[in-house]
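Under my numbering, the residue at position 252 of the sequence shown is numbered 252, and the numbers go up by one with no gaps.
All C-beta atoms in this analysis are idealised placements derived from N, C-alpha and C, irrespective of residue type, glycine included.
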Amino acid sequence: MENEVVCDKLALSTVILFVFGSTMILGAAGEAKNGSWIAIIAATILVIPLLLVYCRLLALFPKKDIFDIFVILYGKYIGKLFCVLYIWYFFHLGALVIRNFAEFMNTLALPETPMIVTIMCLSLLCIWSSTHGVEVMARSSRILLIICLLFVFIIASLSIPQMRFHYLKPFFSMKTSDFLNGTFSAFSFPFAEVIVFTGVFSCLEKRNSSYKVLIKGVVIASVFIVYISMRNIMVLGPSTLNLLYFPSYVAISRIHLGDFLQRMEVSVAIVFVSAIFIKVSFCLIAVSNGISKLFNLKDYKSLIIQTGLLMSYLAYTIYDSTMEMQYWAITIYKYYAFPFQVIIPVITLLFAHFKMKKLKHISCN
């Protein structure tokens with residue numbers, strides 16, 4: 001990625017779309033029921049200190065990604081062990097997102113189409129686009145974000161007649177355990193998943209660009225996710241919402257303006273596919289970049305085709321049903337992702353400060 005440079009505005013668009021990802025259709029913090037929007041706000045506040053950790057790591061080592069940082073700090077062997085762990089996490093995350101897309105399409109849009117066809121269509125598109133590099137993907141995300149936000153604003157206006165404000169009440173009525181579970185869930189999915197960008201953001205223009213890009217991007221995305229959560233609650237009601245795998249699709253399917261305007265749920269698919277496309281592509285780039293660093297290869301792009309095909313195979317085999325996907329997302333994922341998203345980055349930052357302080361002390365003596 002040495003010859004690639006991404007300006008802050010393009011990187012910001014990329015982060016916003018990445019955070020949208022599967023959340024636009026699956027929702028977030030469903031455990032908190034009609035207080036899910038409050039849990040999402042709490043998760044946004046809690047994730048900001050973690051984003052500062054990511055940004056500080058990138059700022060301490062300009063033009064380096066997380067894979068370079070591991071090797072610099074921990075040495076060749078331990079550092080590359082951490083590289084393997086993060087390559088797996090980014091690879092697994094990409095496969096999970098592809099499967100989210102496939103389940104959505106096979107459940108609601110293309111039930112007669114074999115799932116492998118749906119998976120390969122998305123995977124081949126992501127492989128093709130990723131071979132053009134981070135810079136081209138960032139430009140694409142700028143255009144796609146404008147289209148997505150346009151649809152979001154149109155749907156927001158058309159949803160107003162279907163909304164029932166009383167579904168949000170009473171505020172803070174959920175159990176404390178449900179609220180904490182919902183907050184933790186939204187913290188890990190989607191907000192802390194921006195750890196993926198530590199694997200590709202060595203190409204930012206300025207040393208401290210990551211602060212502006214990551215924090216601002218997550219906050220902006222969270223505003224829209226909070227709105228989508230509130231809209232789904234007000235249109236569907238909390239009791240119905242908890243029974244659905246894809247609440248946004250069902251909520252928007254209820255929009256009717258006589259016989260003139262119907263089937264608006266197609267717009268959800270457009271937004272969802274755009275966000276998924278960006279998220280999978282950057283997971284794919286991060287994995288390929290990590291493998292290239294692991295084996296000291298010059299160019300990550302030569303690995304994208306093989307990596308993408310393996311990712312699509314994992315996506316096809318990872319779940320047996322939509323129920324299993326939902327169980328993993330709600331019950332297991334937040335605990336599985338916590339070491340990758342929180343524990344290892346925090347320890348790495350502390351170790352980086354300790355090592356730099358020690359080197360400074362030695363140089364002074």
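Distance between beta carbons of residue j and residue i, contact taken as under 8 Å
i      : j      : result
Ile41  : Ala32  : With 8 Å as the limit, Ile41 and Ala32 do not qualify as a contact, their Cβ atoms being about 11 Å apart.
Val219 : Thr44  : 7 Å
Lys216 : Leu12  : 6 Å
Phe91  : Met311 : 6 Å
Val47  : Ala156 : Going by Cβ atoms, the distance from Val47 to Ala156 rounds to 24 Å, so no, they are not a contact pair.
Phe246 : Phe104 : 6 Å
Val268 : Val97  : Wrong, their Cβ atoms sit about 16 Å apart, outside the cutoff.
Ala315 : Ala95  : 4 Å
Lys334 : Phe184 : 5 Å
Met163 : Val235 : 6 Å
Ile228 : Ser248 : 6 Å
Gly30  : Ile330 : 7 Å
Leu303 : Ile291 : 5 Å
Inter-residue spacing [alpha-carbon to alpha-carbon] between residue i and residue j
i      : j      : result
Glu112 : Asn106 : 7 Å
Ala28  : Lys358 : 43 Å
Tyr77  : Thr176 : 44 Å
Val117 : Leu168 : 40 Å
Ala221 : Phe70  : 29 Å
Lys9   : Ile278 : 16 Å
Met24  : Ile343 : 27 Å
Thr240 : Leu122 : 30 Å
Tyr89  : Glu4   : 24 Å
Asn289 : Phe151 : 33 Å
Phe171 : Pro238 : 12 Å
Phe187 : Gln341 : 10 Å
Ser22  : Val273 : 9 Å
Met137 : Ser202 : 15 Å
Leu60  : Leu297 : 24 Å
Leu81  : Val213 : 28 Å
Ser159 : Ile255 : 6 Å
Tyr54  : Lys293 : 19 Å
Ile72  : Phe351 : 11 Å
Leu415 : Tyr313 : Outside the shown range of the chain, which is 1 to 365, sits residue 415, and nothing can be said about it.
Ile270 : Ile252 : 13 Å
Asp320 : Leu93  : 17 Å
Ile233 : Asn242 : 10 Å
Met356 : Arg56  : 13 Å
Val200 : Leu110 : 34 Å
Thr307 : Met174 : 43 Å
Met230 : Ser36  : 8 Å
Ile332 : Asn100 : 16 Å
Phe165 : Gln326 : 27 Å
Leu85  : Gly75  : 15 Å
Ile147 : Val266 : 14 Å
Phe224 : Arg139 : 21 Å
Asn34  : Glu324 : 24 Å
Leu108 : Phe295 : 42 Å
Asp299 : His132 : 12 Å
Ser141 : Pro161 : 32 Å
Arg207 : Glu135 : 17 Å
Phe338 : Val346 : 11 Å
Asn181 : Thr322 : 21 Å
Ile87  : Tyr336 : 15 Å
Leu204 : Phe189 : 24 Å
Leu349 : Leu50  : 11 Å
Pro62  : Val6   : 14 Å
Leu26  : Val226 : 13 Å
Leu145 : Cys83  : 31 Å
Beta-ladder partner(s) of residue i, from DSSP
i      : result
Leu204 : Val6
Please confirm if the region 277–288 is in contact with the region 110–130, defined as three or more CB-CB distances below 8 Å between the two stretches.
-> Below 8 Å, enough C-beta pairs join the region 277–288 and the region 110–130 to call them touching: three or more.
Count the CB pairs spanning the region 8–24 and the region 186–203 that are closer than 8 Å, and state whether there are at least three.
-> yes
Considering only residues of the region 201–250, which uninterrupted beta strand (DSSP E) runs meet the minimum length of 3 residues and lie entirely inside it, listed in chain order?
-> none
What alpha helix (DSSP H) runs, 4 residues minimum, are completely inside the region 25–106?
-> 36–60, 66–74, 76–104
Along the chain, which unbroken stretches of the alpha helix (DSSP H) at least 4 residues long are found entirely within the region 300–352?
-> Every alpha helix (DSSP H) of 4 residues or more that sits fully in the region 300–352 is shown, in chain order, as 304–317, 322–327, 333–338.
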